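Shown next, in structure tokens, is the structure this report addresses.
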Amino acid sequence: MRPVRIPALIAAAVFAAMGLATGTAHGHDTSAAVPLWRSLAGFEKCVGLANNGSTANGTELVVWDCHGHPDQQWAPSAPAGLIQSLAAASKCVGLANNGSTANGTRLVVWDCHGNPDQRWAVYSDNSVRSQAGANKCVGLANNGSTANGTRLVIWDCHGNYDQRWRFGF
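When the letters of the sequence shown are read in order and numbered with mature numbering (1 follows the signal peptide of the UniProt record, and there is no 0), they come out as residues -27 to -1, 1 to 142.
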């Protein structure tokens, strides 16, 4: 299966980075034009940063009810393969434990460096796959739980809904 190139996502990320996307989200209002990373396993669950949206190196990625705040805004870059946090432009999604590709390794934000543990591809089956290890997909810990605060981890790709995602508005 080949990765999908999604020009609209790249354009949205560029517009957001340039400050052309406007709107402030309040409460659970996700109607503002912000690029969210949504789980297809749970209704209105989005990827965000743990610890009240901390952008410190090593902060885990978790799912939470979608609210559109900066900690839930992401800019995937198809050519580079990075997924950048819009809460802190210098932070990218990577693998914990020095880039370990073992099943269950947590996803964290870290200063963007572009090493293989920070490279990702979005596939046509809505999986997000690590480019650091063979056949490893982003999924939800705790057997695919969609409870608020559930960590994102990598696991062997199996195609269940906890490994299906959508980037968009």
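We put the beta carbon where it would ideally sit given N, CA and C, even for glycine. Remember, predicted model here, so these are calculated numbers, not experimental data.
In this structure, the beta-carbon distance from K18 to V35 does not fall below 7 Å. Separation of F142 and A75 (C-alpha to C-alpha, rounded to the nearest whole angstrom) is 32 Å. A distance below 6 Å between beta-carbons, with the five flanking residues on each side excluded, links A114 to the following residues of its chain, in chain order: T123, R124 and V126.
In the DSSP assignment, A69 falls within the unbroken alpha helix (DSSP H) covering A69 to G72.
Partner residues in a beta bridge of S63, as assigned by DSSP, do not exist. Between the stretch 54 to 68 and the stretch 80 to 92, the count of Cβ pairs shorter than 8 Å is three or higher; the stretches touch. The C-beta separation of S97 from C110 comes to about 13 Å, leaving the pair out of contact by the 8 Å criterion. One Cα belongs to R92, the other to H42, and the distance between them is close to 24 Å. Per DSSP, the unbroken alpha helix (DSSP H) holding G26 starts and ends at A23 to G26. By the neighbour-count criterion, in which 16 or more other beta carbons inside 10 Å mark a residue as buried, S63 falls on the exposed side. The beta carbon of S58 lies closer than 6 Å to those of K64 and V82 in the same chain, with the five residues before and after it left out. Ranked by Cα distance from S103, the first of D129, N121 and G15 is D129. Residues of the same chain with a CB within less than 8 Å of the CB of R137, apart from the 5 flanking positions on each side, are S12, L13, A14, D98, N99 and S100 in chain order.
For G141, the secondary structure class from DSSP, reduced to helix, strand or coil, is strand. Counting other Cβ atoms within 10 Å of its Cβ, G54 reaches 16 or more and is therefore classed as buried.
Under the three-state reduction of DSSP output, A51 falls in the coil class, being neither helix nor strand. Per DSSP, the beta-bridge partners of Q57 are A48 and C65. For G41, no beta strand (DSSP E) segment is defined, and its DSSP state is neither H nor E.
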